[in-house]
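Structure first, commentary second.
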Amino acid sequence: MKLFGTDGVRGKAGEFLDSFLAMRLAMAAGIYFKDKSITNNILVGKDTRRSGYMIENAIVSGLTSIGYNV
């Protein structure tokens, strides 16, 4: 399955795109941008689908685990 589309990460939440993958992607993105950023603050936005809450929590967990203030 293709993970990245032309407009970001794509996949059915809870199946291929589970909380573990979302957390690891957030950690990888956070590590990549950490040296390029002047702050440790980051804002996470989401849409209102039920799966958004699972993905949001996973992303917040991944980013806070590497030192971001979310």
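One point on numbering: in our numbering, the residue at position 55 of the sequence shown is 43, and numbering is uninterrupted.
From the three backbone atoms N, C-alpha and C, an ideal C-beta is built for every residue, glycine too.
1. So if DSSP puts Val48 in a beta bridge, which residue, or which two residues, is it bridged to?
2. Rounded to whole angstroms, what is the Cα-Cα separation between Gly(-4) and Ile30?
3. Taking Asn28 as the reference, give the member of Ser53, Leu9, Met11 and Gly(-1) with the closest Cα.
4. Looking at Leu51: is its Cβ nearer than 7 Å to the Cβ of Ala14?
5. Name the DSSP bridge partner or partners of Gly(-7)?
6. Mapping the DSSP letters down to three states, classify Leu5 as helix, strand or coil.
7. Using the rule of at least 16 other Cβ atoms within 10 Å of the residue's Cβ for burial, across every protein chain shown, is Gly18 buried or exposed?
Taking the coordinates as given:
1. Answer by DSSP bridge pairing: none, since Val48 is not bridged.
2. Using only the alpha carbons, I get a separation of about 18 Å.
3. Ser53
4. yes
5. Gly(-4)
6. Secondary structure of Leu5 (DSSP, three-state): strand.
7. buried
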